[in-house]
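Structure first, commentary second.
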Amino acid sequence: MSSDQTPPAVEDVSTQEARMGDGADDRFNSTLREAFGSTPFILTKFDKFMNWVRGSSMFMLQFGIACCSIEMIHTYAIKHDLDRFGAGVPRASPRQADVIIVPGTIVSKFAPRMKRVYDQMPEPKFVVSMGSCTISGGPFQEGYNVIKGAEEVIPVDIHVPGCPPRPEALIYGVAKLQERVANGESSPVTVKPYELEQFGDLEQDELVDKLASEIDEDDLVMRYNWNDSP
Amino acid sequence: MSLEKPSRDTELDVGATEDGLDYDALADLLGGHVLDREEHVNAEGFVIRPDEVQDVLSTLRQEVGFDHLSCVTAQEYDDRYESIYHLRKYADPTQELSVVVPSPKDDPHNESAARVYDTADWHEREAYDLVGIEYDDHPDLRRILLPETWQGHPLSQDYNQDQPQIVPLRENANPLQDDHRSEDDPDTMFVNIGPHHPATHGVLHVETVLDGEQIASLEPDIGYLHRCEEQMCQQGTYRHQIMPYPDRWDYISAGILNEWAYARAAEDLADIEVPEYAQIIRTMSAEMCRIAAHMLALATFALDVFGDFTAVFQYGIRDREIVQNLLEDLTGQRLMFNYLRLGGVAWDLPEPREEYFEKVRDFLDGLPHKLEEYHDLVTGNEIFQMRCVDTGVLSRDQVKQYGATGPVARGSGVDYDLRRDDPYGYYDELDWDVVTEQGGDNFSRVLVRMREVEESARIISQCVDLLEDWPEDDREIQANVPRTLRPDPDKEVYRAVEGAKGELGIYIRSDGTDKPARFKIRSPCFSNLQTLPEMSQGEYIPDMIASLGSLDIVLGEVDR
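Chains as they are written, first to last, in the UniProt record's numbering: chain A, 1 to 230; chain B, 1 to 560.
This is the structure in structure tokens:
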């Protein structure tokens, strides 16, 4: 009986189509899939893949300090729309963010707080410093209360100069950061004069002695020496 | 509601006459309290003893009607310290008086004015912080802008800027920790709001004590953006080096309004007349800035109240972009314009002028429709009304006690607008109204801002008409000003303009050089923010956030 039956004709079916089966649409046939042909695998290094992912989906911290934050708002908002570059959803909590834009002048009272916010962000984290104030103190460099650049407090990956930078400039800075992240580059962490320290570690000079009674031993303090900074 | 000044029901105060203030009558009233009389450019200064401040100020407040302590300036001379109380009247701000209180160099002490004017509380704390004058009988004299551990007073003469400083990162203790009123009462809880918080409009830190969900006590902690603006201005020369800094006080695109405050004070100090054509350009560009500032105020307020990042916020930013483009065409910058010069403006309108006028008119024509959209989306919204009507109420007396100005004062029915009451620029030639609302709640303040946008649009459109018809050979944009300005020594002036947030005043004392000896900024937000505890006591936390949003503070201007 069986010999009577003719064997089913072997049609010229590609592996891809055979895998799809009948009744399936071509929604899985992306251009990427087509480029790879029949193989369902993409071969890459995991590190490289992760870097690409990190660069393409950045979670920014919603962090405003001064004038530059107004231009930063404009960069996020309509017309400039940073979201086009996969970096547009500001997160209110540092625990959810991996990029911090530092938009404005940092003064002595705020620097320890900014350091704390930065410390709360999960690794890996990146810093874009926006505006002249975060580079050198900008127009306020000679001020008695102004920290001369964000680099004194936290390591910075990209500096965007301007007072304030236009939204286009900030977008360029973010795009550059994405490029660096995708290439797996990161900034070397430099030793900064303005470092978070346990109070007990400070050199016991006249000023520290004077304040020793006022400040708790357990307190974290920051010490800034205006002479040593750039 | 109109350009007619509100008439006062009461009889004329002591010394008030038809053509200004009769200082002799005031001196007679104060009698032996007045040791000496000084001539300032804006008003006379009465010198009084440092231990009679409260007596003199309460007399002036009750009998003369000086209900507005607009500013307290502290400074150090070679031989003495000095505090100046700049007094004005809400009903007529052209009636001014400076009360000058000298105190000895070796032990600077004054009686505090905080018992007479609540607003003196913060102003005197700032004077103590930066200059180092101690105020006796002050409710809470401690540093306000600098960290508590700071050594020295930076605007005093012997301050060494190079000494190292230590800033602690202390957790705020719970001030009410042991204050459990009874066993049944819920515990109070201490919450830090800020300095990094999405709803604080920058780096404000609010120390809040909660009883359940209500606010038991609240204290704004400022100084996280104190970038030494006064020191910067004292280091710059009058002619060019100071003008870039005002842009960075109220940085929400209100740059030209701020520049105008400096320009007005310095022009009065140096007797400079500004050409009429330049005044019209100033008026027009300043009102554009006001629209941009109020748009952002509305956008961020909606963000605070609805958490609405998509609709109202983006609409506000969209309209700001249009205004910013107009301002960029005019000044060359989007945010930090640096456009005014002493005696005029930097350059004329962009060519071709017709195209620029057309752009401005297009914007103005579209504005009524957009405002209607805002009213549909925001003020007509039931949720918004529930959040804002009758929350954060500020009474008329509280406004005056705290020296609040601008939309905050006008939202509480205080009819006070320096553009009309102390005219400058071209405002008194134009047809526009001062907007007031009677509610005093968050809703009224937002409504005032939205209606002020309409008034600003009216002013701009009249300015455009005037500029268009201005004869071509008469377009004078700059008065003749010497290259180096050296006002006469010991000339003092306090002048204010109506900024986006309220009365923005500048006090300048010259010492004969090309730089000011003392440059003091009276920031409207600094005074307005003081009302926050009054508005929020006993309210819920979300209402406090709404109140903060409707105050519309800019930390760059609060901390300077």
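Quick reminder that beta carbons are idealized off the backbone N, C-alpha and C, glycines included.
Secondary structure of residue i, DSSP reduced to three states
| i | result |
| --- | --- |
| Arg419(B) | helix |
| Leu548(B) | helix |
| Asp559(B) | helix |
| Asp47(A) | helix |
| Gln151(B) | coil |
| Tyr540(B) | strand |
| Lys491(B) | coil |
| Asn338(B) | coil |
| Leu218(B) | strand |
| Gly212(B) | coil |
| Val408(B) | helix |
| Phe110(A) | coil |
| Val128(A) | strand |
| Thr242(B) | According to the sequence as given, residue 242(B) is Ile; it is not Thr. Three-state DSSP puts Ile242(B) in coil, outside helix and strand. |
| Ile144(B) | coil |
| Ser444(B) | helix |
| Val160(A) | strand |
| Ile154(A) | coil |
| Val14(B) | coil |
| Val360(B) | helix |
| Val146(A) | strand |
| Pro350(B) | coil |
Short Cβ contact (8 Å threshold) for residue i with residue j
| i | j | result |
| --- | --- | --- |
| Val41(B) | Gln75(B) | no |
| Gly194(B) | Leu145(B) | no |
| Glu392(B) | Gly413(B) | The question names Glu, yet the displayed sequence has Gly at residue 392(B). Cβ atoms of Gly392(B) and Gly413(B): not closer than 8 Å. |
| Gln62(A) | Pro198(B) | yes |
| Ala97(A) | Met50(A) | no |
| Leu69(B) | Leu97(B) | no |
| Phe301(B) | Val446(B) | yes |
| Ala457(B) | Leu367(B) | yes |
| Pro108(B) | Asp121(B) | no |
| Pro93(B) | Asp474(B) | no |
| Leu326(B) | Phe363(B) | yes |
| Arg495(B) | Ile506(B) | yes |
| Pro102(B) | Val47(B) | yes |
| Ile460(B) | Leu269(B) | no |
| Met121(A) | Pro165(A) | no |
Per DSSP, cross-strand counterpart(s) of residue i
| i | result |
| --- | --- |
| Glu76(B) | Tyr81(B) |
| Pro90(A) | Met60(A) |
| Val99(B) | Phe46(B), Tyr85(B) |
| Glu111(B) | Asp136(B) |
| Tyr507(B) | Tyr494(B), Lys520(B) |
| His74(A) | Paired residue(s): none; His74(A) is not in a bridge. |
| Gln478(B) | Gly344(B) |
| Met189(B) | Leu210(B) |
| His205(B) | Asp221(B) |
| Ile100(A) | Val127(A) |
| Pro167(A) | Looking at the DSSP assignment, Pro167(A) forms no beta bridge with any residue, so it has no partner. |
Of the listed residues the options, nearest to residue i (C-alpha basis)
| i | options | result |
| --- | --- | --- |
| Asp119(A) | Arg95(A), Ser14(A), Asp47(A) | Arg95(A) |
| Gly212(B) | Asp431(B), Leu225(B), Met189(B), Asp421(B) | Met189(B) |
| Gly137(A) | Phe126(A), Lys125(A), Val127(A), Glu152(A) | Glu152(A) |
| Arg227(B) | Leu177(A), Phe140(A), Glu179(A) | Phe140(A) |
| Asp468(B) | Val389(B), Gln314(B), Arg361(B), Lys370(B) | The sequence given here has Glu at residue 468(B), not Asp. Here the closest residue by C-alpha is Arg361(B). |
| Asn110(B) | Pro154(B), Ala517(B), Tyr117(B), Gln54(B) | Gln54(B) |
| Val64(B) | Leu30(B), Val14(B), Ile553(B) | Val14(B) |
| Thr283(B) | Ala91(B), Gly549(B), Val497(B) | Val497(B) |
| Ala265(B) | Pro516(B), Gly556(B), Ile553(B) | Pro516(B) |
| Ser444(B) | Glu82(B), Val378(B), Gln234(B) | Val378(B) |
| Leu155(B) | Asp268(B), Leu296(B), Met232(B), Ser58(B) | Met232(B) |
| Ser536(B) | Ala216(B), Lys105(B), Val116(B), Asp129(B) | Ala216(B) |
| residue 566(B) | Leu504(B), Leu529(B), Asp162(B), Thr208(B) | Within the shown structure, residues of chain B are numbered from 1 to 560, placing residue 566(B) beyond reach of any answer. |
| Val34(B) | Arg49(B), Asp514(B), Tyr402(B), Ala16(B) | Arg49(B) |
| Val448(B) | Glu382(B), Thr73(B), Gln214(B), Met295(B) | Met295(B) |
| Tyr426(B) | Tyr339(B), Arg353(B), Pro275(B) | Pro275(B) |
| Leu298(B) | Met243(B), Met288(B), Cys289(B), Ile317(B) | Ile317(B) |
Proximity test, Cβ basis, 8 Å: residue i and chain D
| i | result |
| --- | --- |
| His196(B) | Absent from the structure: chain D. Protein chains present are A and B. |
The ligand ATP heavy atom lying under 7 Å from the CB of residue i
| i | result |
| --- | --- |
| Val181(A) | The ligand ATP is not part of this structure, which contains no ligands at all. |
Tell me the start and end of each unbroken alpha helix (DSSP H) in the segment 17-72 of chain B that is at least 4 residues and wholly inside, in chain order. 23-30, 53-59
Entirely within the segment 264-345 of chain B and at least 4 residues each: give me those alpha helix (DSSP H) ranges in chain order. 276-306, 312-331
Report the start-end ranges of each alpha helix (DSSP H) in the segment 365-412 of chain B that is 4 residues or longer and not cut off at the edges. 382-388, 396-401, 407-411
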